[in-house]
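First comes the structure, then the notes that go with it.
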Amino acid sequence: MFIANKPADPEIHEAAIRIARRCRWLIQACLREEEWGDADREFYLVIREELEQLPVSKGCANRTAAGERPGA
């Protein structure tokens, strides 16, 4: 379950920001400049939620299935 006020794993956070900005870039021409931040936030939340639900793989060996660091 996604909880917005729970800190994200730093790797997930960085990836979600990067992907959100790329997604916003695709629709940026349809948005007013003052809406860009709102789009980034909305994309970020959806992307972060999906990334945190991914199963742990070798590339993410330091994450648990819930997106938390072991022993944290």
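For the numbering used here, add 1479 to where a residue sits in the sequence shown, where the first one is 1. Where a beta carbon is used, it is the ideal one built from N, C-alpha and C, also for glycine. Everything numeric in this text was worked out from a predicted model, so none of it was measured.
Would residue i and residue j qualify as a contact pair, given that the criterion is a beta-carbon distance under 8 Å?
{"i": "I1506", "j": "A1518", "result": "yes"}
{"i": "I1496", "j": "E1531", "result": "no"}
Go through its chain and collect everything with a Cβ distance to residue i's Cβ below 6 Å, but skip five positions before and after it.
{"i": "C1502", "result": "F1522"}
How would you write the range of the alpha helix (DSSP H) that residue i sits in, first residue to last?
{"i": "E1513", "result": "Premise fails: E1513 is in no alpha helix (DSSP H) and is neither H nor E."}
Below 7 Å CB to CB, which residues in the same chain sit around residue i once its five sequence neighbours on both sides are set aside?
{"i": "W1515", "result": "R1503 and Q1507"}
{"i": "K1485", "result": "none"}
Just list the alpha helix (DSSP H) runs in the stretch 1485 to 1510, keeping only unbroken ones of 4 residues or longer that don't cross its boundaries, in chain order.
1489 to 1506
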